[in-house]
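Protein chains in written order, with my numbering: chain A, 1408 to 1890; chain B, 1408 to 1890; chain C, 1408 to 1890; chain D, 1408 to 1890.
For reference, the structure discussed in these notes is given below.
There are 4 protein chains.
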Amino acid sequence: MASGSIARTAATGDGGMIPELLAWSSSMEDDVGLAREDILGSAAHATMLGETGLISREDAKLLREELLGLYAQAEKSVLALPSGEEDVHMAIESLLTDKLGDVGKRLHTARSRNDQVSTALRLHVRTRRARLVVLAAELVLSLVERARAEKDLILPAYTHRQRAQPVSGAFLIAAWSTGILRATKRLADVDVSECPLGAGACSGSSLGIDRTLTAKLLGFPGGPTKNALDTVGDRDFSLDYTYACTRILLALSRLATDIIDYSTSEFRFVKLGDAISAGSSMMPQKKNPDIFELVRSKASFGVGNVVQLMTLVRGLHAGYSRDLQDDRRATLGTGPIVGGALGAVMLAFPHVKFDKVACLRAVSDGSTQATDLAEALVRQGMPFRDAYKAVGKLVSAATDANRTLISLTEAEAKTFHPAFNEAALRALDPVRAVAAKESIGGTGAASVEGQLLALEAEATILRELHTTDTLRAVAERIADYPN
Amino acid sequence: MASGSIARTAATGDGGMIPELLAWSSSMEDDVGLAREDILGSAAHATMLGETGLISREDAKLLREELLGLYAQAEKSVLALPSGEEDVHMAIESLLTDKLGDVGKRLHTARSRNDQVSTALRLHVRTRRARLVVLAAELVLSLVERARAEKDLILPAYTHRQRAQPVSGAFLIAAWSTGILRATKRLADVDVSECPLGAGACSGSSLGIDRTLTAKLLGFPGGPTKNALDTVGDRDFSLDYTYACTRILLALSRLATDIIDYSTSEFRFVKLGDAISAGSSMMPQKKNPDIFELVRSKASFGVGNVVQLMTLVRGLHAGYSRDLQDDRRATLGTGPIVGGALGAVMLAFPHVKFDKVACLRAVSDGSTQATDLAEALVRQGMPFRDAYKAVGKLVSAATDANRTLISLTEAEAKTFHPAFNEAALRALDPVRAVAAKESIGGTGAASVEGQLLALEAEATILRELHTTDTLRAVAERIADYPN
Amino acid sequence: MASGSIARTAATGDGGMIPELLAWSSSMEDDVGLAREDILGSAAHATMLGETGLISREDAKLLREELLGLYAQAEKSVLALPSGEEDVHMAIESLLTDKLGDVGKRLHTARSRNDQVSTALRLHVRTRRARLVVLAAELVLSLVERARAEKDLILPAYTHRQRAQPVSGAFLIAAWSTGILRATKRLADVDVSECPLGAGACSGSSLGIDRTLTAKLLGFPGGPTKNALDTVGDRDFSLDYTYACTRILLALSRLATDIIDYSTSEFRFVKLGDAISAGSSMMPQKKNPDIFELVRSKASFGVGNVVQLMTLVRGLHAGYSRDLQDDRRATLGTGPIVGGALGAVMLAFPHVKFDKVACLRAVSDGSTQATDLAEALVRQGMPFRDAYKAVGKLVSAATDANRTLISLTEAEAKTFHPAFNEAALRALDPVRAVAAKESIGGTGAASVEGQLLALEAEATILRELHTTDTLRAVAERIADYPN
Amino acid sequence: MASGSIARTAATGDGGMIPELLAWSSSMEDDVGLAREDILGSAAHATMLGETGLISREDAKLLREELLGLYAQAEKSVLALPSGEEDVHMAIESLLTDKLGDVGKRLHTARSRNDQVSTALRLHVRTRRARLVVLAAELVLSLVERARAEKDLILPAYTHRQRAQPVSGAFLIAAWSTGILRATKRLADVDVSECPLGAGACSGSSLGIDRTLTAKLLGFPGGPTKNALDTVGDRDFSLDYTYACTRILLALSRLATDIIDYSTSEFRFVKLGDAISAGSSMMPQKKNPDIFELVRSKASFGVGNVVQLMTLVRGLHAGYSRDLQDDRRATLGTGPIVGGALGAVMLAFPHVKFDKVACLRAVSDGSTQATDLAEALVRQGMPFRDAYKAVGKLVSAATDANRTLISLTEAEAKTFHPAFNEAALRALDPVRAVAAKESIGGTGAASVEGQLLALEAEATILRELHTTDTLRAVAERIADYPN
């Protein structure tokens, strides 16, 4: 139990909760990161109160100006919040009241802490989400660029971590990027479009508030939330956000696993530059892939946070329960984890260098191209089953003779089936095998370029759509509102 | 370890895996529910192979007809799958080969088990999702209807499980419905729009397949998946589906908690009919809310399944790993849990009867209407702060005198502030308090009717959009394809 | 991504990792709480190095004294760690080298960061666990005392949240306490008995170290860990600890649910004192049970942390992976949550006052004693089935007549069965019903007193056993080691 | 919603629950696996009722004999349970009543479904746990034997999946075994020592039951549970069991990851025999490690089940809630998953063959022995820091010259430091490096043999202790009870 540093203040009521319990129950430590969001929610509310006549225009103006001033301080990280308040919302109200006296107290007209907190949380999720979407889209764009640089790299694709078929480096990077982009789209789809402000404690208000105006000022395209009781007990937006963030972390964990494996002495497909690897003065050959291990491990936090939130809300009654306060750590904490992991991959990936020779060697004995050989026969007109059987025989014979497939001469091959002519046997060349797979989604060059163009287009759109959804933009909209 | 009931068959290769291990590694038990989906995937594939000339039109026709015949059997639950196969896909191929000989074997041209399995899983998720969306939408529609029947019911809304403000029964039911609908929309948004068929083992095909055709036949509006390597290792659709299903279960868990609480001897807000309660011959007054307890508990399965899938995919390399087979239990098992819970609430809710008198009594002493009294003064022109202070004094005095707020006469009230005239004091009447909250999302009658109309409209659209996405419709589309 | 505040230092090697990545990969923020444990691990190691001659006794003495000095500073919270180091272990080594020069560098002889970190973590878990066991045992002891004070309180026990049978307050509190104690025993059983120091990087050492000595100095009763490769990749102790902590949180969540329900206007079984409830100046009757809501919600963090750790370690290869660094947040963070929740209940529970009249009223109509009446007939010699039938008839008749069971006269009852004499009907008295259940584990007074004595004995033993396992005791043992 | 196949029966009461809801709420499908446990619980109860005179000795004898007969049928898998009952407990009672009429009905004297179900569950957990402990201990014993066979195998140990230091095969296998054994001990420690029978519905009984006798007959060493209200709502034993099972699965997942990696074309440390690998007729070189992939994936089920149970019980009130029925799937389902995975590894591991040459080659260039060289100098009397520096220079020089460490001659080495004599340089030999690490827990031969002896001793004890805790032994104890 933390010491009783939270004093009883006017804001927390003159009730006499034991100081240690007051301190323990405070969410200040967790929600101090919501200061800017809370300030903007209040600024929009004050503007609306003035507009509807629930407070005077003069008071509304005073409040708005003071709040936008606090916002500017918070942006510069120079906002000093009074200690000893129960949460960030109380701390800001207390600042305001110190400055404006009774006018400060008018701010709480026709709102409750329940809708106020929910508004700040949603603003946070919406804008942080936008920032993460932009970051992820930028990572995808940089991976697409890198993919183009790795068009000529040939390496095995794996199933069961066994070499399966040769693919291009561009195709592999496109695969990772496709997973990351899919997760990013999920994040972009998280629904935080509605504004809770005005839901009140749980049933709305009998005063003539204008919820549409506050929703508009705060940039919520869906307008006000639909049912006040649902609103104050709803953390679905937080859950969806945390889940979608975790989807990104899961996608990154798979890329990380590949890089870690590829950087081993056994694979040697990639070399990690000094700029991203942790070395050892005793074993200079050792370049530990710490960054990618830590990217891989981050998904575990996402999973834990999703579970925490689900467990938290399960079985709560309709309306607000104090339990909901414990949404903060996951809601505010998941974003930085995702942002950190995205940033780490962005910084580190350029220092991952593929070893083309080692990569190609891994598909050079022809065994991973047996299917390609069969398909070559099919393209020459042979039924698939016959082709399949013929290749099977060839493969068996090579294995029995301890020979690689690629080393068989046309003459040797033809003893198994006349169709094994030189043209067909070229399919065993990994470079040709890659080139031939031009089905949609395949590893052929044109197919891959199509994939990269699509990735690029989608990532660019996502980036553009989300770049402007910032707290600063909200602040400007409120400041610009005429009154 | 189950006994070694899976024999080595042609399909599983003539490799000599130990029978007990073959049995243990079989997914047959879990994926037998995918028979229809697998059959339809194969029928679409055969149609495409014929269309592109990769097999003869005659063979394609034979295959398609046989497969649609198997589908019809499966629909009637009379499809007998051979035992002893490794999974449902092998079992069906084995059926086909028994019947059509070599023609049956041609089916596997230009596909791999990896894309085949993924196709069946996505068909399952897509159509089961549609069915659940329809069920959930129907539940919302029936709740909306019930809400309209409870317009005149007045009961307290709760915060911290303490009586907070009076609301109408319609508003409460709208709150539950809003949560359920929001989760349903999330489910409807799960992205299973792309078709994996043709991704092959991991890198596409060098044969001239037509992935757009199979995607169309199988009803995937997004066309083929974009990158083959990503496709075969991707279970994001399953994870999103399981997550969205869990969102529905979480929403239902909250409704269930309210019903359980309301049915206690202490609340007595609802009576559970004999048709839905478990009784006791010793204690006839006891009507246990078992159905709602079981609805509440079901969310735990959802949470467990989401975690299982996340843990499963974390850190897998790009491409297919056999680990992915263990997606079946969650992917196929979550739907029936959600369907069961939705069905249970649908059946049970009409037998939940509100006790209007008991409900109203809970808000009749006026204490839950103190805010309404203050707002009444504001509506008369008094600044909110003054109103707030005046009501505060009145409440304190009533408490000190051990009187209820509602019992104070106008004369008594006016000794605290002249504004407490009869008109203002009427705000303490819970019926009037409810009626006055006409802000958007509020509990006022017009506001609630707006909420109900919106719920109805959205639920109707969801129901209509998803009614037609069935396996049967896929089968008909394939059967109707000219060739 | 945090800004690049971690500089490249001698400790982190002169490798050139990008500063932002170095900062991102640092665990400093999470493991600063391990300073004291790290210092003590080093002090024990230095002592051993001197004792075995791997460094000179003089150097060993210098190191130990300096380290114990740092420990003393850390105890007083005046230890200033240099910023810019990768983790707390490096920061401390850097402090030491600044002070002692080359002697400081000798400390790292025959150890690796892998065993060093593991040692600090286990010391933390072991001693924090001890502290939590003591706290939990004290809570149980205080609940036992309270239980004795509530011996005469009669209230319903619930099944399905329906009144089931009358029990004493002492019995109810004993039930909660039994769950808490069981979880506490699980925590006490967590196995952190073995000392990892000397495992080295992963395979032990070829130098003549004495692992038994360091284990003894650090207070690990199980001696050194058994296999070095297992040791450096093992976080089972952390997982078990986090799991057991969560078991305590789950037990507290159930107690919290009861208090929240009992404090509603509907139950009114308890009143929450002002010292523990959050009020409202507008609604003075409202006493929100925030403390218990927050106790209830805390279990969600435990569940999330258990999942995070499980997901983290699944599928890691044998030996150390950097992923393991992400054990810190759960390992160090779960303890304070449990400690906070235990402390909150300890402080709050004395301010929970039962309303004896309301409690008794809930079992006064006799319906919850129907089973007791049947058992009374059995005690008079009637076969149970007959007794059961006779009571069933009586209950039905009362219900039909809209009468309570308790209101039936002997004469009325006898019309159903002659066995319903006055003596038998007394069983409907809730006080007698409670008194009669003297089976082991029953709610009868003697049975409950037996339960309380057992709880008291077990809790006392747990408290005594764990009081002395502190870091301070470790420091003293090291300081007292002769050399 | 399943169709309404559960009829209303005498057992479920004549209440009129809607058949579909009755069917949906039935746990029959999940708990049919508890038939034997339920029968034995009833047999013990009947014996006690006779002994205490609550029913006649004749009735008790009839009941016991009939129940033991049903048990014998269940053991032979020929027990036919009536369909249409709500759960397995009702189905068995119904069988009994069909056979014995009124005597069958006497069985339910002084017990409730709540304690009956809990008894069956605990019997299941206790005996299944014993079986799993035996299986796991046997796996450890077989791994120890294998370890002895791999004493001369030398391969790298890894940190960060980078080669770190050479170890023996025996040491590596001992590492895996240590993790498995630790998890097995945790499972053996799960506390299911107390017997719930006699707790009744929630508060005990007023009849003179003898709970100590039933506990003894059923083999619960801890005697009766302590508090009836706690007992009927407690599923901690199930949670602890599921958690401990998951610990085993996590340990197996790490072994599996190593085998999967080692079987790649890149590592080639092991070859998987045909008996355990899934092949491909097209790519005969491909031996997919499916069995180990599936072992690795199984831990995800454990994690999901732990979470499901935690989420289920969080926040339930004291006493029984119907929610608890949803413990079945995890409680009954986790055991077979663990048993299957243990059996799979047991069967598969003998078919994993190490390639000694490839393994040794991986540590032959000397780089992984740099630390050993430094320690060799220390053993010659040089201070560690100086040794460390000298080796560092040598390593750098070799790297710069593109030479391996091992290839340096004594003369070349001595140009860096005179201490690099032939004796010292021998430390670069991986075989010697392994041999030298004889610290406790190290990879030296004697140290490893000590580890193996300890593993063997502990596993043998666990096996012996748990072999006899079977349902059959319980049945015999009941049958042998004189009366």
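Using N, Cα and C, we set each Cβ at its ideal position, and we do this for glycine too.
Note: C:S1803 is not bridge-paired with any residue in the DSSP secondary-structure output. In this structure B:I1666 is not in contact with B:T1591, their Cβ atoms being roughly 20 angstroms apart against a cut-off of 8 angstroms. With the criterion set as a beta carbon lying under 7 angstroms from some beta carbon of chain B, the members of the stretch 1565-1578 of chain A are Y1565, T1566, H1567, R1568, A1571, Q1572, V1574, F1578, in sequence order.
Note on the stretch 1805-1887 of chain C: whole alpha helix (DSSP H) runs with a minimum of 4 residues are 1817-1821, 1829-1832, 1837-1843, 1852-1874, 1878-1887, in chain order. Taking a 10 Å sphere around the C-beta of A:A1706, we find 16 or more other C-beta atoms and assign the residue as buried.
By the Cβ test, the stretch 1580-1599 of chain B is not in contact with the stretch 1609-1621 of chain B, since fewer than three Cβ pairs between them sit closer than 8 angstroms. Shown in chain order are the members of the stretch 1713-1732 of chain D whose Cβ falls below 8 angstroms from a Cβ of chain A: V1714, M1717, T1718, R1721, G1722.
In summary, B:R1879 is exposed, with fewer than 16 beta-carbon neighbours lying within 10 Å of its beta-carbon over all protein chains present.
Shown here for D:A1564: same chain residues with a beta carbon closer than 6 angstroms to its own, the five before and five after excluded, namely A1571, Q1572, V1574 in chain order. Taking A:R1513 as the centre and dropping the five residues before and after it, the same chain places the C-beta of I1462, D1466 closer than 7 angstroms to its C-beta, in chain order. The C-alpha of C:D1734 is placed about 39 angstroms away from the C-alpha of A:L1636. Chain-order list of chain D residues neighbouring C:D1641: T1585, G1586, R1589, by C-beta distance under 9 angstroms. Proximity of chain C to D:G1491 at the Cβ level (cut-off 7 angstroms) is not reached, the minimal Cβ distance being about 23 angstroms.
When CB distances to chain B are screened at a threshold of 7 angstroms, not a single residue of the stretch 1437-1461 of chain D falls below it. Of the candidates C:E1444, C:I1813, C:L1550, C:E1444 places its Cα closest to the Cα of C:R1535. Shown here, B:L1562 sits in a strand according to DSSP, grouped into three states. Among the CB atoms of chain A, none fall inside 7 angstroms of the CB of D:T1653. Any Cβ of chain A closer than 7 angstroms to the Cβ of B:F1627 would place that residue at the interface, and such an atom is absent.
CA-CA distance, B:D1522 to B:S1600, rounds to 15 angstroms.
By a beta-carbon distance limit of 8 angstroms, D:V1551 contacts D:L1859. Their separation comes to about 5 angstroms.
The DSSP-derived three-state label of B:C1609 is coil. With a beta-carbon spacing of about 5 angstroms, B:I1446 and B:L1474 fall inside the 8 angstroms limit used to define contacts. Taking a Cβ-Cβ threshold of 7 angstroms, none of the residues of chain A is close to C:S1670; the smallest such distance is about 13 angstroms. Residue environment analysis places C:P1825 among the exposed positions, since fewer than 16 neighbouring C-beta atoms fall within 10 angstroms of its C-beta. At a cut-off of 7 angstroms, the C-beta of D:I1667 has a neighbouring C-beta in chain A.
Beyond the five residues adjoining it in sequence on each side, A:T1649 comes within less than 8 angstroms, by CB distance, of G1709, N1712, V1713, L1716, A1737, T1738, T1741 in the same chain, given in chain order.
Secondary structure at A:R1721: coil, using DSSP grouped into helix, strand and coil.
If you compare the alpha carbons of A:R1520, A:E1856, A:A1882 with that of A:K1558, the shortest gap goes to A:E1856. Residue burial annotation: C:T1653 is buried, with at least 16 other C-beta atoms found within 10 angstroms of its C-beta. Counting along the chain, the unbroken alpha helix (DSSP H) around C:K1623 starts and ends at 1618-1624. Using a Cβ-Cβ distance cut-off of 8 angstroms, the stretch 1767-1783 of chain A and the stretch 1839-1858 of chain A are in contact, since at least three pairs of beta carbons, one from each stretch, lie closer than that value.
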